[in-house]
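Notes follow the structure.
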Amino acid sequence: MSQSRLARLPPWVSHWLGYRAKPVGPLPMWKTNAWSFVSAFAGLTVVQVLFNYSHYFTSRHVPGIIASYGASAVLVFGAIDSPLAQPRSLIFGHFFSGLTGLCITKLFSLMPDQERFNSLRWLAASLSTSTAIVIMQLTGTTHPPAGATALLPATSLEIWDLSWYYLPILLLSSTLMMVCALLFNNNMHRRYPSFWFTPSPPSPAPPSPSKDAGASASPPSSSPHGPVPGGAPERMDSNLTDEKVPENAV
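Residue numbers 1 to 250, in full-length UniProt numbering, belong to the letters of the sequence shown in order.
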């Protein structure tokens, strides 16, 4: 969602989506630290309360929180201007990484021997995260905590037992974190996100003053016959002026 589209929305809506008509100045360090603490605490609490106290999730043995979201909180609430913390990277980075980890680990689980599969989980984990990194780079959704999201299906039996249900849990967790980030990071002269899908293009650089000065400093040619290489016009004019007309030509 571009800034021009956000500007068309009512101010009470566009403000909470990260739009500002004027640039936002920096906060004092103590205010930045205080808001980072409050917002991270609130975001992680909302996610854990939902998954720990909702019968719908506890009956399906969903963990209280996916561990990689602790690292996401550092970016989303503590480094809100980083491109790695923007909604596109947060949501799609976790989703693509979780999908990659599940697919690769399930391929390893097709081995005929369960013991053999368990002995190669380390290989599935390494392959999952390294592949997820490339996928995030190709899609422009790099989110460092999502590397652990790709790792978990191979290393955590609790996550492995969720199977494909792992993916909607990731989407819900990312959405909850993003909503909390919008609510808390748009207070006290803070702004989040910096962009939704693509960053705004940089403003064009002003023209170099040296070129203009050089162009204006060059004097126009004083020769009436126009410019001739090697200073020839002045010499030719002087020869024509000094040349005497023969007397017998009259």
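All C-beta atoms in this analysis are idealised placements derived from N, C-alpha and C, irrespective of residue type, glycine included.
Between the alpha carbons of residue i and residue j, how many angstroms are there, rounded?
| i | j | result |
| --- | --- | --- |
| M144 | F96 | One point to set straight first is that residue 144 is Pro, not Met, in the sequence displayed. P144 and F96: Cα-Cα distance of roughly 12 angstroms. |
| L102 | F77 | 28 angstroms |
| H55 | R116 | 36 angstroms |
| A146 | S68 | 7 angstroms |
| T58 | G98 | 21 angstroms |
| T198 | Q114 | 44 angstroms |
| A85 | S72 | 8 angstroms |
| N52 | L172 | 14 angstroms |
| T131 | G64 | 27 angstroms |
| T129 | M136 | 10 angstroms |
| P112 | L167 | 26 angstroms |
| T45 | S109 | 34 angstroms |
| H189 | W196 | 19 angstroms |
So is residue i buried or exposed if we call it buried at 16+ other beta carbons inside 10 Å?
| i | result |
| --- | --- |
| S203 | Residue confidence for S203 is low, a pLDDT of 49 falling below 50, so the modelled location carries little weight; the figure read from the coordinates is stated next. It is exposed - the Cβ of S203 has fewer than 16 other Cβ atoms within 10 Å. |
| W35 | buried |
| T149 | buried |
| G93 | buried |
| G140 | exposed |
| S126 | exposed |
| T100 | buried |
| N186 | buried |
| G43 | buried |
| L151 | buried |
Does DSSP put residue i in a helix, a strand or coil?
| i | result |
| --- | --- |
| P144 | coil |
| A79 | coil |
| S39 | helix |
| D113 | coil |
| S156 | coil |
| W30 | helix |
| Y192 | coil |
| T45 | helix |
| V24 | coil |
| V62 | coil |
| A71 | helix |
| T149 | helix |
Just to confirm, is the Cβ distance from residue i to residue j under 8 angstroms?
| i | j | result |
| --- | --- | --- |
| M29 | P87 | no |
| V74 | L162 | no |
| F184 | V38 | yes |
| S194 | D81 | yes |
| T105 | W160 | yes |
| I169 | I91 | no |
| Y192 | L176 | no |
| R121 | A154 | yes |
| S89 | T32 | no |
Along the alpha helix (DSSP H) that carries residue i, what are the first and last residues, could you check?
| i | result |
| --- | --- |
| G93 | P87 to F108 |
| M136 | R121 to T139 |
| Y56 | H55 to T58 |
| T175 | Y166 to N185 |
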